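Residue numbers for the sequence shown follow my numbering, so the first one is 19 and each next one is one higher.
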Amino acid sequence: MKQKHTLLTLAAVFAAALPLTSQAAVTRTGTIKFTGKVTAPSCSVDGSTAMAIPAINVALGEISMDKVQALASRPSHFKAHSITITCTGAKNLTVSLKALNSTNTLTGQTNILKNIASGSPAAGIGIALYQTGKAISYDLVSGELLNKSTPSTETITFDAAFVKDPAVTTITAGNVQADLPFELSYD
């Protein structure tokens, strides 16, 4: 009987210890954190960082006054230039010219940029952009240099040249500078 009693005591102690063991187990909660980044489609111009549009400088050099031609003819003295646009994930890329009438262009001439050089500016001379190798000048107020639905790396080429102001009969030598605003848009 003593054995039965010992067994019962042992069973009671063991049964009493079971809840203590399960209460002694530790439960902890935590969090699984996920991180990442979703980027918007982007385009860069001539190696700039995305969304930064650099100043694009086109040095036309020097030309004798007697070599400056009228707008209607294909320029014999021009500067070929290219702009590279690299896009990642972008769609519907458009590059448009956005000169303001009479601010950036000669009065009544949407194809000729106004000379804004200071100091000793040339008179009767402006700058025009032509389709590469052609006598076709761009409309600088609303012209489109590029329109691509699925762009990747695109190169825009054009010829830039000094041209005579058709409203002026006499030109003079001097410095020439012109600014041409443009707009790059994409989805």
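C-beta atoms are modelled at their ideal positions from N, C-alpha and C, and glycine is treated no differently.
The model shown is predicted, which means the values in this text are computed figures rather than measured ones.
*Could you name the residues that DSSP lists as bridge partners for Lys166?*
Beta bridge pairing from DSSP links Lys166 with Leu111.
*Excluding the 5 residues preceding and the 5 following Ser167 in the sequence, name in chain order all residues of the same chain whose CB lies nearer than 7 angstroms to its CB.*
The residues are Lys109 and Asn110.
*Following the continuous beta strand (DSSP E) through Gly6, name the residue where it begins and the one where it ends.*
Past the boundaries of the shown model lies residue 6; the chain is included only from 19 to 205, so the question cannot be answered.
*Can you give the Cα-Cα distance for Leu147 and Val56, rounded to whole angstroms?*
39 angstroms
_Candidates Gln195, Ile74 and Phe200: closest to Ala135 by CA position_ = Gln195
*Can you name the start and end residues of the beta strand (DSSP E) that Ile134 belongs to?*
Premise fails: Ile134 is in no beta strand (DSSP E) and is neither H nor E.
*Answer yes or no: do Glu189 and Val86 have a C-beta to C-beta separation smaller than 9 angstroms?*
In the sequence as presented, Glu is not what sits at residue 189; that position holds Ile. Closer than 9 angstroms, so yes.
*CB Cys105 to CB Ser66, shorter than 9 angstroms?*
No Cβ-Cβ contact shorter than 9 angstroms links Cys105 with Ser66.
_Could you tell me which whole beta strand (DSSP E) segments of length 3 or greater appear in the segment 45-102?_
60-63
*Exposed or buried, which one is Val181 when buried takes at least 16 other CB atoms within 10 Å?*
buried
*asked:* Within a Cβ cutoff of 6 angstroms, which residues of the same chain sit near Gly161, ignoring the five residues on either side of it in sequence?
replied: Result list for Gly161: Leu115, in chain order.
*Endpoints, the beta strand (DSSP E) within which Val181 is located*: Thr171 to Lys182
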